[in-house]
Amino acid sequence: MESLKRIAAINDISGLGKCSLTVALPVISATGVECSVIPTALLSTHTGVFSGWTLEDLSDQILPIANHWHEINAHFDGIFTGYLANPAQGDLIRKTIELLRTADTKVIVDPAMADNGRYYSNLDERMTRCFRNLFQDADIVTPNFTEACFLAGMDYVEGPVSVSYVEKIIDRILELGPSTVVVTSVSLEENNIGMLSKERGSNRVYQAMAHELTGMFHGAGDVFASSFSALLIRGAKLSDATEIAMRFTSDSIGRTAERGTPRHYGLDFESALPAYVQEVDRYFNT
Ligand code: PXL
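Read in order, the letters of the sequence shown are residues 13 to 298 in this note's numbering.
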């Protein structure tokens with residue numbers, strides 16, 4: 013029988029406005045994978061749209077938690093990192109990966125720092141340097157288009173872009189260390205949005221596209237990255253993990269728009285979970 017896989021999710025906990033760990037925990041569990049957590053910061057809400065949020069930086073907790081897990085020989089099939097409260101946390105995460113990684117651990121880095129051509133509140137280009145360093149330890153990275161442009165040192169362009177432009181960005185990111193790059197929120201034509209990915213040593217760019225609903229959907233990147241990471245760690249093929257995670261994300265976006273769920277509260281993934289759990293079950297059990 014398939015053994016229960018375990019992911020260490022390293023991300024912030026924003027109490028309200030689903031993103032980061034309040035997405036990673038339910039989505040990874042629903043994918044049939046155990047989710048252990050190292051919170052990088054505690055916030056009252058995420059920092060997009062909301063103002064007046066509180067933030068407690070948890071930098072001083074990261075290594076003590078990782079050291080404890082190392083001492084008790086906890087095994088992780090995956091390490092999945094996201095939002096960091098400051099650029100210095102990058103080195104703490106690299107030490108954490110060194111402590112927790114074994115030969116069969118996949119490291120997935122989601123460089124959550126920017127969207128729509130701009131850094132999130134409180135963050136700046138020091139975060140790009142931080143993630144470039146962290147990518148040396150990553151197997152798979154999942155930047156959105158804005159983050160990918162910043163990390164590759166290429167101009168952010170609004171609106172549809174060509175596959176060759178995205179491939180150039182991906183090739184520059186592959187040089188930083190990861191063996192697979194998945195760029196999310198890429199528009200290749202009006203009203204379409206999706207993912208482009210490429211693996212080192214392959215010259216094929218894989219695409220998964222969906223119809224785009226207008227407007228900003230907060231936490232969509234976290235829903236995709238959490239589902240994608242858990243599917244991969246559970247053993248899905250890269251193309252299948254991309255497609256299933258994208259379907260779940262666009263289904264959640266569709267339900268958010270349909271039910272009029274306030275967008276800054278995060279994606280309405282709850283109503284998309286039952287169909288997702290069934291799809292995951294069919295995928296791994298047939
Ligand atoms: O969804 C990415 C994210 C994660 N964590 C915090 C954020 C954001 C985006 O705004 O503010 C705290």
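In this text, a Cβ means the ideal position worked out from N, Cα and C, and glycines have one as well. Note that the coordinates shown come from a computational prediction; the quantities given were computed from them, not determined experimentally.
| Asked | Found |
| --- | --- |
| Under 6 Å, CB to any heavy atom of the ligand PXL. Which residues pass, going along the chain? | D24, S26, C31, S32, L55, H58, T59, G60, Y95, A124, Y132, G231, G233 and D234 |
| Taking the alpha-carbon positions, what's the E272 to G231 distance? | Checking the sequence shown, residue 272 turns out to be Gly, not Glu. About 16 Å. |
| Mind pulling the alpha helix (DSSP H) runs of 4 or more residues that sit fully within the segment 58 to 106? | 71 to 83 |
| Determine the contact status of I185 and L200, defining contact as a CB-CB distance below 8 Å. | no |
| Measure the beta-carbon distance from T108 to I74 and round it to whole angstroms, keeping in mind my assumption that it falls under 8 Å. | 6 Å |
| Pick out whichever of A42, C47 and V61 has its Cα sitting closest to the Cα of R275. | V61 |
| Taking only runs of the alpha helix (DSSP H) that begin and end inside the segment 123 to 178, which ones reach a length of at least 4 residues, in chain order? | 138 to 146 and 157 to 164 |
| Who are the Cβ neighbours of V49 in its own chain at under 6 Å, not counting the five residues just before and after it? | A21 and L33 |
| Got a sec, what are the start and stop residues for the alpha helix (DSSP H) S197 sits in? | Run containing S197: none in the alpha helix (DSSP H); it sits in the beta strand (DSSP E), T192 to V198. |
| Check each candidate in A242, R246 and N203 and name the one with the smallest Cα separation from T226. | N203 |
| So, with DSSP's three-state summary, where would you put V49? | strand |
| Identify every residue that forms a DSSP beta bridge with G206. | V198 and M221 |
| Hey, E159 and M125 are a contact pair by Cβ (cut 8 Å); roughly how many whole angstroms apart? | 6 Å |
| Is the distance from the Cβ of L70 to the Cβ of A53 below 8 Å? | yes |
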